[in-house]
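Engineer:
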Amino acid sequence: MSSSFDRYQKRKLISSYFSVVISIALVLFLLGCLGLLVLNAKKVADHFKEQVVVTIYLNDSAKEVEVKQLEKSLAMAEYTKSTEYVSKEAAAESMKAETGEDFMDFVGYNPLQNSIDVHLKADFVTTETLASITEELSTKKFIEEIRYDNDLVELMNDNVKKITFWVLVISAIFTLIAVLLINSSIRLAVYSKRFIIKTMQMVGATKTFIRRPFVYKSVQLGVIGAIIALIGMGIVLYYLNETFVELQLLSNPILIGGLFLAIFLLGILITWISTFIATQRFLNLKTDALYY
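Residue numbers (the numbering used here): 1235 to 1526.
So this is what it looks like as structure tokens:
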């Protein structure tokens, strides 16, 4: 009978530990994924900003040396990420491929112009900077027109600011929820042993002596949960990096490593603090209060 009861208690204990580990792992995993989002939010925003193209249309009378000098000055400019010269013939071929029809058969000549497509660095994709660049380049007589989607730029910058704000707010809220959930799991695990805690206290054991094995076990569970969470984060990060190669999510391994270390330490810290507080609560309770 005693052996059967011991096995029951052991299964119950294992089940309790398992639920705590899973709770810690899930919470830390979600918190880590949110951390990855926060770390890469600017990179994602910059990627989309750099898709904005400033097209400089050239006069047919533009000399080759003038075009070459313009390309060189643009390439050396601090705001330029890349440039591409598009001849009127290449533009016609591109339009033909898009529409499936050769418009020159109807027009009789190529009305398109030679142009230079300029991709700016993300920090310079603002309405003010684009206006300044346009004003500076417009002084060159062989440039006929400069075009870019100003409405798209304004919309993109507004959305980036809003998204950044809400990501930070959600991160703060989620961190608080993570602490509360892990704390609740630890408290439930300690609650099931409240009578053992009080019995040890009644026979003369010090609070530090009673608290030590609970803290040690909880930290062990926190480490296991953190490792499971980190494995999940690693899988997600690898998949995203393979799927969205252009974002180069692994380009800063020190930052990624710092996040992984922070999640690991957070798992230990939260479990340690939660266990300390939970055991201290039951140590300070009177015996009659343990039944409520």
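Glycine is no exception: its CB is placed at the ideal position from the N, C-alpha and C atoms.
All figures in this text were calculated on a predicted structure; none of them were measured in a lab.
1. Flag this pair as yes or no: are the beta carbons of Ser1349 and Leu1268 separated by less than 9 Å?
2. According to DSSP, simplified to helix, strand and coil, what is Lys1395?
3. Measuring only the C-alpha atoms, how far is Glu1388 from Phe1252?
4. Quick check on DSSP: helix, strand or coil for Thr1409?
5. Give a yes or no on whether the C-beta atoms belonging to Val1457 and Ile1404 are separated by under 9 Å.
6. What is the DSSP secondary structure of Leu1483, counted as helix, strand or coil?
7. Rounded C-beta distance between Thr1317 and Asp1351? I'm assuming under 8 Å.
8. With DSSP as the reference, label Ser1316 as helix, strand or coil.
9. Looking at the secondary structure, which residues open and close the alpha helix (DSSP H) in which Tyr1472 lies?
10. Could you tell me the alpha carbon to alpha carbon distance between Leu1386 and Glu1362, rounded to whole angstroms?
11. Can you tell me which of Thr1333, Asn1486 and Val1320 puts its alpha carbon nearest to the alpha carbon of Gln1347?
12. Return the residue from the list Val1394, Phe1516, Ile1367 and Trp1400 that minimises the CA-CA distance to Leu1422.
Structural biologist: A quick look at the data gives this:
1. Mapped onto the sequence shown, residue 1349 falls at position 115. Mapped onto the sequence shown, residue 1268 falls at position 34. No.
2. Start at 1 with the first residue of the sequence shown, and residue 1395 comes out as number 161. Correct three-state label for Lys1395: helix.
3. Here residue 1388 corresponds to residue number 154 of the sequence shown, with the count starting at 1. Here residue 1252 corresponds to residue number 18 of the sequence shown, with the count starting at 1. Going by the C-alpha atoms only, they are around 50 Å apart.
4. Translated into the one-based positions of the sequence shown, residue 1409 becomes position 175. Residue state, collapsed to three classes: helix.
5. Sequence index remark: in the sequence shown, residue 1457 carries index 223 (1-based). Sequence index remark: in the sequence shown, residue 1404 carries index 170 (1-based). Note that the C-beta distance between Val1457 and Ile1404 is not below 9 Å.
6. Locating residue 1483 in the sequence shown gives position 249, where the first residue counts as 1. When secondary structure is reduced to three states using DSSP, Leu1483 falls in the coil class, being assigned neither helix nor strand.
7. Here residue 1317 refers to the residue found at position 83 when the sequence shown is read from its first residue. Here residue 1351 refers to the residue found at position 117 when the sequence shown is read from its first residue. Rounded, the Cβ-Cβ distance is 7 Å, consistent with contact.
8. On the sequence shown, position 82 is the one that residue 1316 refers to. Residue state, collapsed to three classes: strand.
9. For the purposes of this step, residue 1472 is identified with residue 238 of the sequence shown, where counting begins at 1. Bounds of the alpha helix (DSSP H) holding Tyr1472 are Lys1441 to Thr1477.
10. Position 152 of the sequence shown, counted from the first residue, corresponds to residue 1386. Position 128 of the sequence shown, counted from the first residue, corresponds to residue 1362. Distance between the alpha carbons of Leu1386 and Glu1362: 14 Å.
11. As a working mapping, residue 1347 is identified with position 113 in the sequence shown. Sorting Thr1333, Asn1486 and Val1320 by C-alpha distance to the C-alpha of Gln1347 places Val1320 at the top.
12. Your numbering for residue 1422 matches position 188 in the sequence shown. Per the C-alpha coordinates, the member of Val1394, Phe1516, Ile1367 and Trp1400 positioned closest to Leu1422 is Phe1516.
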